[in-house]
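Under the UniProt record's numbering, think of the first position of the sequence shown as 1, with each following residue one higher.
Where a beta carbon is used, it is the ideal one built from N, C-alpha and C, also for glycine.
The structure under discussion appears below in the form of structure tokens.
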Amino acid sequence: MVDHAGILMEQGKSMACERVCGVNDNIEKAHYHSYYEIYYMEAGERHFVINNQPYFARQGDFVLFSPYIMHCAYSGKDIAFKRILICFREHEISSEELREKLSAGTGIYRMDAKSNKRMHFLMEMFMEEQDRAGEYREEYMKSILNTMVLTMLEKSVMSGAEKLKNTDYVSEIMDYINYHYQEDLTLQKLADLLFISPPYLCKIFKEYANQTVVQYINTTRILNAQRMVMETEDRITEISRSVGFVNVTHFNRVFKSITGITPSVFRKRVRMRENK
Numbered sequence: 001m002v003d004h005a006g007i008l009m010e011q012g013k014s015m016a017c018e019r020v021c022g023v024n025d026n027i028e029k030a031h032y033h034s035y036y037e038i039y040y041m042e043a044g045e046r047h048f049v050i051n052n053q054p055y056f057a058r059q060g061d062f063v064l065f066s067p068y069i070m071h072c073a074y075s076g077k078d079i080a081f082k083r084i085l086i087c088f089r090e091h092e093i094s095s096e097e098l099r100e101k102l103s104a105g106t107g108i109y110r111m112d113a114k115s116n117k118r119m120h121f122l123m124e125m126f127m128e129e130q131d132r133a134g135e136y137r138e139e140y141m142k143s144i145l146n147t148m149v150l151t152m153l154e155k156s157v158m159s160g161a162e163k164l165k166n167t168d169y170v171s172e173i174m175d176y177i178n179y180h181y182q183e184d185l186t187l188q189k190l191a192d193l194l195f196i197s198p199p200y201l202c203k204i205f206k207e208y209a210n211q212t213v214v215q216y217i218n219t220t221r222i223l224n225a226q227r228m229v230m231e232t233e234d235r236i237t238e239i240s241r242s243v244g245f246v247n248v249t250h251f252n253r254v255f256k257s258i259t260g261i262t263p264s265v266f267r268k269r270v271r272m273r274e275n276k
């Protein structure tokens with residue numbers, strides 16, 4: 001996906017806009033700009049990571065990025081989206097008060113239907129002026145821009161409810177592992193569920209769960225293996241496959257590292273207690 005508005009800004013423009021439709025256009029590498037961006041979701045939905053914090057935007061939402069704020073964007077597989085992007089430099093905002101509010105305003109904004117319709121109309125006007133070759137084009141664009149910014153800050157509510165905390169990420173992954181431990185679980189697969197990168201998943205999981213993702217997967221599998229060893233007469237190789245291990249030797253090694261004994265010894269001790 002080519003960012004034409006961004007190209008115009010890098011070429012020296014102080015205001016630019018574009019409308020883009022996309023599917024599977026994921027900007028996975030975090031980046032920043034030296035100017036402001038207002039991102040309007042005309043259709044679809046989009047996941048964002050802004051300064052290492054995840055956000056979710058749906059149709060009708062506005063996303064504000066301040067200069068030099070690290071961010072990236074994702075969509076679910078085959079989920080189409082349409083957005084309008086407005087880029088501008090700080091000096092185009094006439095009011096010092098507005099500039100101060102903008103500088104601290106990075107995040108998701110949501111407004112009522114009437115205000116949203118007005119904001120969308122202003123964006124359409126802004127795009128028309130960009131394409132027009134008039135003498136006062138820049139002045140018109142600046143006037144519309146300031147009205148848009150004022151409308152967004154005055155008529156909308158910054159959405160904290162849509163902000164997904166890292167603890168929620170970890171909890172969601174734990175729940176998924178608990179229900180899918182029998183499957184082939186890779187870091188990439190788990191990270192894709194949340195539209196984040198494997199390194200970021202590993203970082204927040206270790207921070208909030210005090211163990212690695214792999215350790216949690218192995219512990220979950222071994223706990224379920226212990227239950228099967230106690231409650232069934234299934235062979236160790238069958239139990240190994242049932243809880244998600246491909247190689248029984250690896251299963252035995254992990255089982256012993258967690259419980260201190262092999263599965264066979266564990267079964268013998270269980271049977272001895274039962275026969276007393």
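- With 16 other Cβ atoms within 10 Å as the buried cut-off, status of C87: So C87 ends up on the buried side.
- Query: What's the gap between the Cα of E92 and the Cα of G107?
  - Reply: 20 Å
- Work out the CA separation of F62 and I38 for me, nearest whole Å. 7 Å
- Item | As assigned by DSSP and simplified to three states, the class of E42 | Strand, per DSSP.
- Considering only residues of the same chain and omitting the five flanking positions on each side of Y35, which have a CB-CB separation below 7 Å? M9, P67, C87, F88 and R89
- Query: Beta-carbon separation of S156 and R110 under 8 Å?
  - Reply: yes
- Query: Alpha carbon to alpha carbon, how far is T262 from N218?
  - Reply: 15 Å
- Query: What are the start and end residues of each continuous alpha helix (DSSP H) run of 4 or more residues lying completely inside the UniProt domain "HTH araC/xylS-type" (171–269), in chain order?
  - Reply: 187–194, 198–209, 213–231, 236–242 and 248–259
- Item | L193 classed as buried or exposed, judged by whether at least 16 other C-beta atoms fall within 10 angstroms | exposed
- Item | First through last residue of the beta strand (DSSP E) which encompasses A80 | Per DSSP, A80 belongs to the beta strand (DSSP E) from A80 to F88.
- Query: For the region 49–127, which segments carrying the beta strand (DSSP E) assignment without a break, of at least 3 residues, lie completely within its bounds, in sequence order?
  - Reply: 53–58, 62–65, 71–74, 80–88 and 107–111
- Which class does G134 belong to by DSSP, given the choice of helix, strand or coil? coil
- Message: Distance check for Q188 and S264, CA to CA, integer angstroms please.
- Response: As the crow flies, the alpha-carbon of S264 is around 33 Å from that of Q188.
- Message: How far does the alpha helix (DSSP H) with S33 in it extend, from its first residue to its last?
- Response: For the sequence presented, residue 33 should be read as His rather than Ser. Careful: H33 lies outside any alpha helix (DSSP H) and carries neither H nor E.
- Query: Using 8 Å as the Cβ pair cut-off and three pairs as the minimum, do the region 176–191 and the region 236–255 touch?
  - Reply: Flag = yes, the region 176–191 and the region 236–255 touch.
- Limits of the alpha helix (DSSP H) - the one that G6 falls within: H4 to E10
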